[in-house]
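This note's numbering applies: residue 469 is where the sequence shown begins, and numbers increase by one.
Using N, Cα and C, we set each Cβ at its ideal position, and we do this for glycine too.
To keep things clear, I will list the structure first and then write my remarks on it.
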Amino acid sequence: MLKVLLAILTGLVGAALLHLIIILALPSFSERDAYSKVLGEGQPFRFHALSARRDASGLAKEDPFLEVAVCAFDVTEAPVRLSAGDGVPFWSLATFDQASNETFSINDRTSAGGMLDVIVATPVQATALRRAMPSSLMQSIIVETAEPLGYAVLRVLSPQMSFRPMATQFLAEADCGQMAWQ
């Protein structure tokens, strides 16, 4: 009987210590999420190209055949328009909410005319845009998001060194800006 009580007591003390360690370690893990790392790249509403080296935020491009840029955004006040030109062999865009859940993805094969033109908006903003759609936005893809905070990841294929200047120029000219809103 004494051994059973000792085993139960040991288990309870061990569980309490484990829970204490988890609770104390939680803040260091919560500051290492993808959204925080994207915010660490620089100002929101601007694409920031990632380098092959890990920077202070901890982000890096892992694939040597891709050039990658990230942009943090907030659609609380106004929708965000993600746009870029053309002239690269392949690009893809993915948007994520603050919890790093993918909310939308597109590439040059599935876009209108191979151009990147995406508007991220809340449901109310998207409805207002659709009601009074200006002709300049007719080709834009409107993406509704329930979460106002998020980020976008833009990738460009660069299979050889000769493609790199074209890919970096594409990323440098990409826009991630708030739209003028009513």
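Unbroken alpha helix (DSSP H) run spanning residue i, endpoints
i: residue 545; result: No alpha helix (DSSP H) holds residue 545; DSSP gives it neither H nor E.
i: residue 586; result: No alpha helix (DSSP H) contains residue 586, which is instead part of the beta strand (DSSP E) from 584-589.
i: residue 571; result: Element bounds for residue 571: not the alpha helix (DSSP H) but the beta strand (DSSP E), 570-575.
i: residue 620; result: Looking at the DSSP string, residue 620 is not in any alpha helix (DSSP H); the run it does join, the beta strand (DSSP E), is 617-625.
i: residue 506; result: 502-507
Closest Cα partner of residue i within the set the options
i: residue 549; options: 587, 542, 563 and 567; result: 587
i: residue 620; options: 532, 475 and 543; result: 543
i: residue 518; options: 482, 537, 597 and 607; result: 537
i: residue 639; options: 471, 491 and 555; result: 555
i: residue 504; options: 629, 618 and 614; result: 618
i: residue 567; options: 584, 615, 585 and 599; result: 615
i: residue 539; options: 532, 551, 506 and 559; result: 506
i: residue 646; options: 512, 602, 635 and 474; result: 512
i: residue 644; options: 600, 473, 471 and 563; result: 563
i: residue 508; options: 489, 473 and 541; result: 541
6 Å CB neighbourhood of residue i in its chain, flanking five on each side removed
i: residue 591; result: 612
i: residue 574; result: 561
i: residue 599; result: none
i: residue 593; result: 547
Close-in-space but distant-in-sequence residues of the same chain around residue i (CB under 8 Å, 5 per side omitted)
i: residue 557; result: 625, 627 and 631
i: residue 597; result: 547, 587, 589, 605 and 610
i: residue 510; result: 516
i: residue 580; result: 607 and 609
i: residue 559; result: 552, 575, 576, 584, 622, 623, 624, 625 and 638
i: residue 533; result: 625, 626 and 627
i: residue 529; result: 518, 519, 520, 535 and 536
i: residue 582; result: 554 and 576
Buried or exposed by the 16-neighbour rule on C-beta atoms within 10 Å, applied to residue i
i: residue 607; result: exposed
i: residue 665; result: Past the edges of the chain, shown from 469 to 650, lies residue 665, and the structure says nothing about it.
i: residue 595; result: exposed
i: residue 578; result: exposed
i: residue 430; result: Because the chain spans 469 through 650 in this model, residue 430 falls outside it and cannot be assessed.
i: residue 478; result: exposed
i: residue 493; result: exposed
i: residue 635; result: buried
Opening and closing residue of the beta strand (DSSP E) in which residue i lies
i: residue 646; result: 643-646
i: residue 556; result: Premise fails: residue 556 is in no beta strand (DSSP E) and is neither H nor E.
i: residue 530; result: From DSSP, residue 530 is part of no beta strand (DSSP E); its letter is neither H nor E.
Contacting residues, own chain, Cβ-Cβ under 7 Å from residue i (five flanking each side not counted)
i: residue 501; result: 568
i: residue 514; result: 539 and 644
Beta carbon proximity, residue i to chain D, threshold 8 Å
i: residue 560; result: Looking at the structure shown, chain D is missing, and only one protein chain is on hand.
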